[in-house]
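Student: Could you have a look at this structure, given as structure tokens, before my questions?
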Amino acid sequence: MLTSSSFALGSSIDPHGKWVRVPHAREDFGGGAKPVTGFRRIGFLGTVRPHKGLNEICQALTGDARLEFITFGQSQVVRPYTFAGRWHELPPDTPLADAYREVDVAVLPMNAASDGAQRQLPAKAVDAAVMGIPIAAASTPVLDEYFSGGMLQVANWNRLGARLEAAFLSGELNRLGSASRKSWANELALDRVRASLETAIADLFARPVK
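In the working numbering, the protein residues as written are 16 to 225.
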């Protein structure tokens, strides 16, 4: 049995659909959705890599001096001096729930030119959804598949601050946070993924032996 984390990835590997969708699952580590109380603290709580949108994050910080960036401390990334005082690094052993409580919006600026980024289900999107954190992301087939109703699609990262402010004032960020949590509960919660995988395995063993 071949498994794929998304329809988008599976169909690119085998257009005939001879695979089973098994996404990344998460337990409810946060104890409930986090209320949306602001828009200025944007966070990427994973390993910062160029193909994961480091340049776009810097564009957002340059475009709006009110934004603050939160990530884990990591040796391969040097905090840009340009953003001194606005680039905050958490200790790497900070529990995820505590880290996400420091974040207003999770940012996922995936590289549209990278096949890997276009077909990846980012674990950080799943983590944010567990906490009910609004997601601001570049549109990719996989993110659209799981989070189309729970994320703010961003094309121009220089304008991120203004878009987040408008979404916060209109109440849209609250709606997006609730929708991201619902996406997790419906498709990415451990019990949901376990049940679908058990069904797929049962179907596999029920097939006649050739």
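Glycine residues also receive a C-beta, built at the ideal position from the N, C-alpha and C atoms.
Tell me the rounded alpha-carbon separation between serine 129 and threonine 155.
Tutor: 10 Å
Student: Helix, strand or coil: which one does DSSP assign to valine 37?
Tutor: coil
Student: Roughly how far, in whole angstroms, is the beta-carbon of glycine 78 from the beta-carbon of leucine 175, given that I think they are within contact range, below 8 Å?
Tutor: 6 Å
Student: Could you check what DSSP says for valine 120 in three-state terms: helix, strand or coil?
Tutor: strand
Student: Would you report the Cα separation of alanine 70 and glutamate 42, rounded to the nearest angstrom?
Tutor: Reading off the sequence shown, one finds asparagine at residue 70, where the question assumed alanine. Approximately 31 Å, taken between the alpha carbons.
Student: According to DSSP, simplified to helix, strand and coil, what is glycine 260?
Tutor: With the chain represented from 16 up to 225, any question about residue 260 goes unanswered, as that position is not in the structure.
Student: Rounded to whole angstroms, what is the Cα-Cα separation between phenylalanine 59 and isoleucine 150?
Tutor: Cα to Cα, phenylalanine 59 sits roughly 10 Å from isoleucine 150.
Student: CB proline 95 to CB tryptophan 172, shorter than 7 Å?
Tutor: No, they are not a contact pair.
Student: In the structure shown, what three-state DSSP assignment does phenylalanine 84 receive?
Tutor: strand
Student: How many whole angstroms separate the CB atoms of glycine 192 and alanine 48, which I take to be in contact at a CB cut-off of 8 Å?
Tutor: About 6 Å; that satisfies the 8 Å criterion.
Student: Measuring alpha carbon to alpha carbon, tell me which residue in Asp119, Val120, Val157 and Ala121 is nearest leucine 136.
Tutor: Val157
Student: Checking 7 Å against the spacing of the C-beta atoms, do phenylalanine 87 and proline 107 come in under that value?
Tutor: In contact: phenylalanine 87 and proline 107 (Cβ atoms closer than 7 Å).
Student: In angstroms with no decimal places, state the Cα-to-Cα distance between alanine 121 and aspartate 29.
Tutor: 32 Å
Student: Is the beta carbon of alanine 232 less than 7 Å from the beta carbon of valine 145?
Tutor: This structure cannot speak to residue 232, because the chain is shown only from 16 to 225.
Student: Determine the direct distance from the alpha carbon of phenylalanine 54 to that of arginine 101, and round the result to whole angstroms.
Tutor: Each residue's Cα considered, the two are about 14 Å apart.
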